[in-house]
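Peer 1: Numbering follows the numbering used here, with no gaps: position 164 of the sequence shown is 615. Yeah, the Cβ is synthetic: ideal placement off N, Cα and C, and Gly gets one too. Computed from a prediction, not measured in an experiment: that's the story for all the values here. Have a look at this one before I ask anything.
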Amino acid sequence: MKVSFRSAKTAVIAALLQNDQLSRLELSERASVSPAAITEVTQGLLKQGLLLETPAATMDKRRGRPAVQLSLQASHSCFVGVSLGEEQTQLAITDLRGEVLASESFAPCLTPADIPDVVRDSFQKALRKAGIARTRVRGVGIAVAGIVDADAGICRYSAGLDWRDVPVASMVGKALRLPAWADNDANAIAMGDKIFGRAREYDNFSSIVLGSTIGSAHYMNGMLYRGHDGSAGEIGHITVNPDGLLCRCGRNGCLDTVAGGFALRQEAKAKGIAVAGMRELEALAVQGNATAIQMLRTAGKALGSAIATLVHLNNPKAVVFTDMEGFENGIFRTATRQAIENGILPRFLGSTEIVFGDVEPEALPCSAASIAAFNYLMTL
């Protein structure tokens with residue numbers, strides 16, 4: 452079956468997003484596109500300035516000459532990422548490889564009406580910091596803590612922000628005069644890892660976000676899985692204790708009420724422990740504080756048990772954690788890993804990678820920028 456030029460171009464770009472550089476022959480094999488089509492596609496992308504040619508140090512044995520390597524030209528395009536959260540709002544400008552060129556942080560928008568002016572002002576400041584031409588900025592991605600209709604670019608509901616049916620994509624797009632796309636923060640982080648970061652090599656993985664609440668997103672066969680109406684990934688509302696605390700969703704004992712950062716801070720306060728974050732709670736545990744140890748073990752065990760169920764259901768190649776709360780490599784992570792390993796079938800132990808990682812300050816806006824990068828590249 453003949454592959455269309457657009458399909459071939461999309462396959463080539465997807466392969467180069469997954470790999471730093473490839474020869475034309477490797478591109479043909481990875482993208483399942485004929486060598487003739489590869490030549491046609493890459494010549495067009497080279498003329499656009501999207502690709503960079505680099506002579507390889509090694510010889511192509513099948514051709515008897517040095518293989519020319521192709522890679523995406525990182526400086527060709529820049530993207531804006533905006534993270535709209537209940538505690539902080541951030542904006543970053545990245546290049547095509549996810550390198551942050553400039554960033555700005557500002558107080559949360561009190562009402563949706565504040566969004567355009569705040570984002571416009573931050574974008575202008577970041578653009579001056581980055582020292583790049585505005586014409587190189589191709590689009591803006593927005594990550595929102597809540598339920599987002601990605602197709603419509605509308606935040607349908609955010610408990611933390613107290614928003615309903617806010618058209619964030621059109622509001623930000625009009626303010627910056629750029630194409631705009633929106634998604635929830637967990638999907639944004641998964642997309643950022645797939646396009647820019649740790650999950651580039653995985654076609655099937657689950658992304659777990661450790662924040663004020665617990666978020667998740669899933670890639671299946673190289674595509675973000677959204678579910679029937681875009682709501683897939685609500686791991687934070689799995690019931691882990693039917694008799695537990697009331698969750699803000701209105702049900703009792705959700706995972707968020709046991710392992711979420713907000714719930715743990717509230718529990719610590721109720722038990723007479725004053726901590727600003729999980730890094731301090733972990734430090735108290737290292738010093739032998741029995742209450743801190745018990746809290747972190749209980750939370751980690753609950754999270755790990757929920758993820759063990761997820762592994763059985765989805766069979767991901769990897770479970771990739773993004774630690775926004777600062778647990779670091781302490782009791783919580785250890786308890787989580789142990790609960791996963793104890794809770795999954797032996798045949799999954801050797802085939803499921805558990806990847807923990809700390810985050811950079813601009814992780815969320817950088818992930819939001821990946822939404823714009825992906826949509827821009829897939830529609831070239």
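1. Jot down the residue ranges of each uninterrupted alpha helix (DSSP H) in the stretch 670-749, minimum 4 residues, whole runs only, in chain order.
2. Whose C-alpha, out of L552, F772, C606, is nearest the C-alpha of I583?
3. Just how far apart, CA to CA, sit H688 and G624?
4. Taking the beta strand (DSSP E) that T773 falls in, what are its first and last residues?
5. If you draw a straight line from the alpha carbon of T540 to that of P618, how long is it in whole angstroms?
6. Return the bridge partner residues of D600 from the DSSP annotation.
7. Quick check on S485: does DSSP put it in helix, strand or coil?
8. Please determine if the stretch 634-641 and the stretch 662-682 are in contact, where contact requires at least 3 C-beta pairs separated by less than 8 Å.
9. Just the Cα atoms here: how many angstroms apart are A769 and Y670?
10. Thinking just about the alpha-carbon of each residue, which of R475, G549, S556 is nearest to the one in A823?
11. What does a CB cutoff of less than 6 Å around T787 pick up in its chain, not counting 5 residues either side in sequence?
12. To which residues does DSSP link Q520 through a beta bridge?
13. Could you have a look at M452 and say whether DSSP puts it in helix, strand or coil?
14. Quick check: A543 and S526, are their CB atoms within less than 8 Å of each other?
15. What does the alpha-carbon distance come out to for the pair A610 and D774?
16. Figure out for me which residue from R651, D809, R784, S474 has the closest Cα to the Cα of Q520.
17. Identify whether T493 lies in helix, strand or coil by the three-state DSSP scheme.
18. What did DSSP end up calling Q539 once you bin it into helix, strand or coil?
19. Quick check on the DSSP output: the beta strand (DSSP E) that includes L661 runs from which residue to which?
20. Relative to the C-alpha of F778, which candidate in P506, G711, F574 has its C-alpha closest?
21. Alpha carbon to alpha carbon, how far is G500 from L523?
22. Tell me whether K498 is buried or exposed, calling it buried when 16 or more other Cβ atoms sit within 10 Å of its Cβ.
Peer 2: In terms of the structure at hand:
1. 707-710, 712-721, 729-737, all fully within the stretch 670-749.
2. Nearest of L552, F772, C606 to I583, Cα basis: L552.
3. Cα to Cα, H688 sits roughly 32 Å from G624.
4. Boundaries of the beta strand (DSSP E) around T773: 769-774.
5. Roughly 17 Å separates the two Cα atoms.
6. DSSP, once it has assigned bridges, lists I605 as partnering D600.
7. S485 falls in the coil class under three-state DSSP.
8. A contact between stretches requires three or more CB pairs, one per stretch, nearer than 8 Å, and the stretch 634-641 meets this requirement with the stretch 662-682.
9. About 10 Å.
10. Relative to the Cα of A823, the nearest Cα in the group R475, G549, S556 belongs to G549.
11. In its chain, beyond the 5 residues on either side, G751, L754, G755 have a beta carbon closer than 6 Å to the beta carbon of T787.
12. Partner(s): S474, T505.
13. Bear in mind that a pLDDT of 37 at M452, under 50, signals an unreliable position, so the model cannot answer this.
14. Remark: C-beta atoms of A543 and S526 do not approach each other more closely than 8 Å.
15. Approximately 21 Å, taken between the alpha carbons.
16. That would be S474, whose Cα lies nearest to the Cα of Q520.
17. It is helical.
18. Looking at Q539 - three-state DSSP - the assignment turns out to be coil, as it is neither helix nor strand.
19. Counting along the chain, the unbroken beta strand (DSSP E) around L661 starts and ends at 656-661.
20. Ranking P506, G711, F574 by Cα distance to F778 puts G711 first.
21. Going from the Cα of G500 to the Cα of L523 covers about 9 Å.
22. Only exposed fits K498, as fewer than 16 other CB atoms lie within 10 angstroms of its CB.
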